[in-house]
Structures are given as C-alpha cells and as structure tokens.
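Trainee: I have a structure I would like to understand better, so I am pasting it below and will then ask my questions one at a time.
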Amino acid sequence: MVTDFKSRQEKLLGRIDHGAFIIPSAKLKTKSNDTEFPFRQNSFFKYFVGFEEDNALLVLKKERDGSIRRFLFVEPKDPTLEMWAGIRLGKERALELLEVDETYNNTDIEEKLPHILSGVSELYFNHYDPESREMVLKASQTLSRQRKNKSPKPHSWKHSLPLMGELRLVKDQSEIQAMKKAAKLTDVGMRAAMALSRPGVNEKEINTLLTYLFNQEQGEGPAYDSIVAGGENALILHYINNNMTLKEGDLLLIDAGAQVNTYASDVTRTFPVNGKFTEAQAELYSLVLDSQKAAMAHMKIGNTLGSIHLETSKALATSLKDAGILSGSLDEIMETGSYRTYYPHGTGHWLGLDVHDESPYLIDEGNDTLSDVCLEEGMAFTCEPGLYFPADDKNVPSKWRGIGIRIEDDLIMNESGFTNITSSIPKEIKEVEEACQGDLKSILNKLETLPLMAK
Ligand code: GLY
Ligand code: MN
Ligand code: MN
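Residues in the sequence shown are numbered consecutively from 424, following the working numbering.
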C-alpha cells in the first residue's frame with residue numbers, strides 16, 4: 424500500500440531529476456531556564472514522514488537512475504533520559520514503523536551525512552534555517568576534502584521551500600479529514616463562546632473555554648493564540664492579551680481555531696456581548712457579511728486569491744463610499760488604496776498544517792515570469808473580510824467608531840466550486856443571536872468525552 428507519506432515523498436522527488444532533500448524536524452525551544460515550550464513538529468517534516476519527535480533529520484535522495492532512498496536520523500534510545508523526558512522510538516522501531524529505508528542515531532549525522540550525499544550534485548534545503556545551512560556546509564566540506572572520492576560533490580545548493588510548499592497547496596483526503604475535524608471542534612468552541620458571553624465575563628474566561636473545547640476528542644488545542652477581542656480590542660488585528668472584562672453594548676470578535684493532527688482551522692466570528700446587535704452594529708455587520716458573499720461568488724477553479732481579494736476590497740470600498748467615509752470614485756479609491764485604512768489585511772491565505780500555510784502565492788514559470796497560483800481542486804484557504812473603525816476617526820459616522828468586525832471561514836476547492844468547512848458556525852445575524860441565547864451546559868453535554876463536566 425502506498426501511504427500518504429510515501430506518496431508525498433515520491434511526488435517531491437518526482438519534481439527533480441536527481442538530488443537530495445534535507446528536512447530536519449523541529450527542536451524543543453527553551454521557555455525559561457530549563458523548561459521548554461510544548462513541542463510543535465516542523466510542518467514539512469510532519470508532512471513528509473509523520474514522525475513526532477524532536478532532533479530528527481529526514482534525507483530523501485533520488486539517484487541518477489531514478490531510484491529513491493529515504494534516510495532518517497533519530498534520537499538514540501537512552502533509558503535514563505527517557506525516564507525524565509519520555510519514550511523515544513529509536514532507530515530500530517523507526518525503521519519498522521516509518522516510511523524510510525535506513526535509520527540511524529542522530530549522533531551519527533556528521534559521520535553518515537557526507538556518505539549519503541556522496542554523488543549528489545543538487546542539494547535542496549531550507550536556506551533560511553541556519554542549522555540546515557551549517558549541516559550542509561559541514562557535509563560538503565567533508566566531501567570535498569575526500570580527494571580520492573571521485574564522485575560529484577554537491578555543487579548546486581537549492582532552496583527547498585518553494586518545491587515543498589507547492590506540494591502542500593493541494594490537500595489529500597487525510598488532510599481534508601483532519602481539517603474537517605478541526606472545523607467541527609471550532610464550531611463547538613464558537614457556539615460555547617457565544618453562549619457564555621455577557622457583560623461582566625472576562626475575555627480570559629472565553630479564551631480558557633475555547634482552549635478546553637479545542638482539546639476535546641482529537642483536538643490538540645488552539646492552532647494559534649486565540650484572539651478574544653471585546654470592544655475596541657477588535658481593532659488590534661492580532662490582539663492576544665485576552666484579559667478585559669466584556670462590556671454591555673460592545674461586540675466581541677473571536678478569531679480562533681482548533682488543531683487536529685497538526686492541521687489548523689482558522690475562524691472569526693463577531694457577535695454582540697449581550698446577545699443582540701444594535702441597529703448600527705447589524706448594519707455594519709451586514710456590510711462585512713455581504714462582502715464575504717461577494718468574495719465567495721468569485722471562488723472558482725482558475726481564479727486566484729489575488730482576484731478574490733480585489734473583488735472583496737471593491738465590495739467593501741463601495742460600502743465605505745456609500746456611507747460617505749471615503750470620497751472619490753470607486754476607481755480612485757481602488758487606485759489610491761484609501762480603503763486600506765479600514766480594511767488593512769488580505770482576504771485569504773493558504774490553510775493547512777500552518778495556519779498561514781507555507782505554500783507559495785506566486786509560481787516561477789521561468790524566463791523571469793511569476794504568475795499567481797490559480798485555484799485547483801484540493802486547495803484550502805480562508806475568506807476573512809473585515810472593517811475596522813478607529814474610535815477617533817471623524818470620517819466615520821459616530822455610531823460605527825471603535826468597532827471592528829471580521830468574519831472568517833475555511834474553504835476547500837472541489838471539482839465544482841468550493842466547500843465551506845466552517846459553514847455550520849452561526850454567521851447570519853439571526854443565527855448568531857440565537858446562538859448567543861444558547862445554553863452552555865447543553866452544548867457541553869453534547870460532547871461525548873468530557874472528563875470534567877458533570878453530565
Ligand atoms: N488568525 C490569523 C488569521 O486570520 O490570519
Ligand atoms: Mn483568523
Ligand atoms: Mn486567517
């Protein structure tokens with residue numbers, strides 16, 4: 424059986440004539456003194472081999488005759504260290520369980536890597552990663568010192584990220600399943616947050632509830648720091664302090680998503696703290712929602728994220744013009760970019776193992792030509808228009824000052840258009856207000872595995 428990992432490795436190596444890819448795992452990062460942040464695997468390493476340990480190294484090699492060899496270096500077994508820090512797989516079990524041909528202890532990288540790379544002239548690695556550069560440099564120097572070794576030395580160093588990132592653009596079925604599961608947990612989290620919100624509740628309580636729910640079932644917690652932004656905090660695009668008490672009459676913007684099998688969801692909902700939009704809030708909310716609908720009408724195979732952003736920006740710019748906030752014709756507004764004062768970010772980004780998935784937006788066609796990536800079946804991305812009005816902006820009607828609204832969903836292209844995998848999360852005004860009246864306990868009781876909540 425060809426596993427997902429083997430198929431991805433083969434696809435990657437299918438893109439080159441011959442050469443080798445150096446793909447390191449993540450390392451633990453110090454939090455303070457001798458404590459570390461929770462481990463988060465490197466997305467490319469996860470994608471190509473699915474191994475969850477730190478300090479490992481994957482080398483994928485394609486010989487000139489087209490044959491493929493996969494090497495994995497792992498932490499050695501060490502009962503004393505394992506007693507403190509957890510069981511390691513070790514090279515024997517790694518060889519049995521993972522899609523590789525040879526496994527070694529990572530203590531042997533310096534000795535073995537030059538040998539593996541002997542005869543390879545094209546070497547692909549992440550040029551932005553100092554440790555990869557160091558490793559490649561050392562191995563290449565060792566090889567060039569071996570005068571008797573007549574085989575070609577790595578003489579061409581190529582950046583691996585564009586090729587590897589391009590592969591990640593189109594999601595396979597197991598990736599789509601993980602993203603759908605993450606979306607489901609995000610749905611529960613958003614509904615619970617709507618039910619819990621009321622004046623006097625602190626952003627921190629909502630944030631904690633989201634984290635708790637994102638850890639249910641196969642959830643691995645939030646895919647990124649949740650943004651729980653009451654009132655004017657919504658004007659700070661990446662607000663993560665999450666410690667203000669929610670106020671009567673304010674909106675609450677939540678940008679949060681669960682992670683499953685390292686795959687992210689990324690959703691934003693904006694709703695009234697007290698459960699009922701004011702007329703002015705509803706009016707503004709509808710403008711953003713309409714711009715998201717305009718964006719979605721443009722999501723067709725062959726279109727680009729750039730053209731979707733243009734359509735969305737035009738819809739928002741038209742609303743800003745009609746409201747008397749921006750002056751000039753629509754063409755002038757688009758030309759000068761004056762709408763960016765109130766809509767300063769893009770409409771969407773690739774989504775997958777990383778919340779801002781590490782895939783290109785432009786493809787190098789050769790001959791100095793770059794072209795936008797066109798949407799294809801299996802591509803996953805967000806759609807997240809918003810409007811943000813500073814509290815002291817005299818160009819904005821006073822009823823809208825100090826308000827920030829964003830609405831964000833996760834989409835996957837299919838053969839006939841797209842699937843909105845977060846569409847079940849309340850979004851229309853009536854649905855949102857109903858969800859705000861929801862009963863938190865009954866939402867929690869619906870989850871099958873709740874260790875802490877009394878049923
Ligand atoms: N949560 C970050 C973003 O929406 O891009
Ligand atoms: Mn987001
Ligand atoms: Mn996003």
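C-beta atoms are modelled at their ideal positions from N, C-alpha and C, and glycine is treated no differently. It should be emphasised that the depicted structure is a prediction, and the values quoted were computed from it without experimental measurement.
Around the Cβ of His732, are there at least 16 other Cβ atoms within 10 angstroms (buried) or fewer (exposed)?
Mentor: Numbered from 1 along the sequence shown, position 309 holds the residue referred to as residue 732. When all chains shown are included, His732 counts as buried.
Trainee: For the beta strand (DSSP E) that Arg492 lies in, which residues bound it at each end?
Mentor: Here residue 492 refers to the residue found at position 69 when the sequence shown is read from its first residue. Here the beta strand (DSSP E) through Arg492 covers 491 to 497.
Trainee: Give every residue whose Cβ lies closer than 6 angstroms to any heavy atom of ligand 3, listed in chain order.
Mentor: Cβ atoms closer than 6 angstroms to ligand 3 belong to Asp689, His772, Thr805, Glu807, Glu831.
Trainee: With contact counted as at least three CB pairs below 8 angstroms, one residue from each stretch, are the region 700 to 710 and the region 845 to 859 in contact?
Mentor: Yes: at least three Cβ pairs fall under 8 angstroms.
Trainee: Have a look at Phe467 and Gln569 and give me their C-alpha separation to the nearest angstrom.
Mentor: Your numbering for residue 467 matches position 44 in the sequence shown. Your numbering for residue 569 matches position 146 in the sequence shown. Between Phe467 and Gln569, the C-alpha separation is close to 32 angstroms.
Trainee: Let me know if Ile826 comes out buried or exposed under the rule of 16 or more other beta-carbons within 10 Å of its beta-carbon.
Mentor: Position 403 of the sequence shown, counted from the first residue, corresponds to residue 826. Under this definition Ile826 is a buried residue.
Trainee: Looking at the unbroken beta strand (DSSP E) that takes in Glu788, where does it start and where does it end?
Mentor: Your numbering for residue 788 matches position 365 in the sequence shown. That run of the beta strand (DSSP E) goes 785 to 789.
Trainee: To the nearest angstrom, how far is it from the Cα of Lys561 to the Cα of Asn529?
Mentor: As a first step, residue 561 must be located in the sequence shown, where it is residue number 138. As a first step, residue 529 must be located in the sequence shown, where it is residue number 106. So the alpha carbons of these two residues sit roughly 15 angstroms apart.
Trainee: With a threshold of 6 angstroms on Cβ separation, who are the neighbours of Gly769 within its own chain once the five nearest residues in sequence on each side are excluded?
Mentor: For the purposes of this step, residue 769 is identified with residue 346 of the sequence shown, where counting begins at 1. Result list for Gly769: His732, in chain order.
Trainee: Give me the residue from Lys670, Lys594, Ala679 with the minimum Cα distance to Tyr662.
Mentor: The count along the sequence shown starts at 1 and reaches residue 662 at position 239. For the residues Lys670, Lys594, Ala679, the minimum Cα distance to Tyr662 belongs to Ala679.
Trainee: Quick check: what's the CA-CA separation for Leu749 versus Glu755?
Mentor: The sequence position of residue 749 within the sequence shown is 326, counting from 1. The sequence position of residue 755 within the sequence shown is 332, counting from 1. If you take the alpha carbons of Leu749 and Glu755, they lie about 10 angstroms apart.
Trainee: Can you tell me whether DSSP reads Pro553 as helix, strand or coil?
Mentor: Position 130 of the sequence shown holds residue 553. Pro553: helix per DSSP, three-state reduction.
Trainee: Start and end of the alpha helix (DSSP H) containing Asn427?
Mentor: Stepping through the sequence shown from its first residue, residue 427 is reached at position 4. Residue identity check: residue 427 is Asp in the sequence provided, not Asn. 427 to 437 is the extent of the alpha helix (DSSP H) around Asp427.
Trainee: Evaluate contact between the region 821 to 837 and the region 585 to 605, counting only Cβ atoms and requiring at least three cross-stretch pairs below 8 angstroms.
Mentor: Contact between the region 821 to 837 and the region 585 to 605 is present, because at least three Cβ pairs lie under 8 angstroms.
Trainee: Helix, strand or coil for Val651? Go by DSSP, reduced to three states.
Mentor: Numbered from its first residue, the sequence shown carries residue 651 at position 228. Strand, per DSSP.
Trainee: If you follow the beta strand (DSSP E) that Met836 is in, where does it begin and where does it stop?
Mentor: Start at 1 with the first residue of the sequence shown, and residue 836 comes out as number 413. Note, Met836: beta strand (DSSP E), 832 to 837.
Trainee: How would you label Asp689, buried or exposed, when you count the other beta carbons within 10 angstroms and need 16 or more for buried?
Mentor: Numbered from its first residue, the sequence shown carries residue 689 at position 266. Counting Cβ neighbours within 10 Å, Asp689 comes out buried, since at least 16 surround it.
Trainee: In chain order, what residues of the same chain lie with their CB nearer than 7 angstroms to the CB of Phe841, ignoring the 5 residues before and after it?
Mentor: Counting from one through the sequence shown, the residue named residue 841 turns up at place 418. Hits under 7 angstroms: Met722, Leu834, Ile835.
Trainee: At 3 residues or longer, and completely inside the region 684 to 760: list those beta strand (DSSP E) runs for me, N to C.
Mentor: Within the region 684 to 760, the complete beta strand (DSSP E) runs of at least 3 residues are 690 to 695.
Trainee: In the DSSP assignment, the beta strand (DSSP E) including Thr609 goes from what residue to what residue?
Mentor: Looking up residue 609 in the sequence shown gives position 186. Note, Thr609: premise wrong, no beta strand (DSSP E); alpha helix (DSSP H) at 596 to 619.
Trainee: Would a C-beta distance cut-off of 7 angstroms place Leu619 and Leu633 closer than the cut-off?
Mentor: To locate residue 619, count along the sequence shown from 1; it is residue 196. To locate residue 633, count along the sequence shown from 1; it is residue 210. Contact: no.
Trainee: Can you grab the Cα-Cα spacing for the pair Asp595 / Gly588, in whole Å?
Mentor: Taking the sequence shown and counting its residues from 1, one reaches residue 595 at position 172. Taking the sequence shown and counting its residues from 1, one reaches residue 588 at position 165. Their Cα atoms are separated by approximately 14 angstroms.
Trainee: Quick one: is Met617 buried, meaning 16 or more other Cβ sit within 10 Å of its Cβ, or exposed?
Mentor: Looking up residue 617 in the sequence shown gives position 194. Met617 comes out buried.
Trainee: For a quick check, are the C-beta atoms of Gln682 and Ala605 less than 7 angstroms apart?
Mentor: What you label residue 682 is simply residue 259 of the sequence shown in a count that begins at 1. What you label residue 605 is simply residue 182 of the sequence shown in a count that begins at 1. In contact: Gln682 and Ala605 (Cβ atoms closer than 7 angstroms).
Trainee: Look at Ile439 and Leu481 and say whether their C-beta atoms are less than 7 angstroms apart.
Mentor: Taking the sequence shown and counting its residues from 1, one reaches residue 439 at position 16. Taking the sequence shown and counting its residues from 1, one reaches residue 481 at position 58. Not in contact: Ile439 and Leu481 (Cβ atoms no closer than 7 angstroms).
Trainee: Once the 5 residues before and after Leu875 are set aside, which same chain residues still bring their CB inside 7 angstroms of it?
Mentor: Taking the sequence shown and counting its residues from 1, the one referred to as residue 875 is at position 452. Any reading at Leu875 must be qualified, since the residue scores a pLDDT of 46, below 50, and its modelled position is unreliable; no value is offered.
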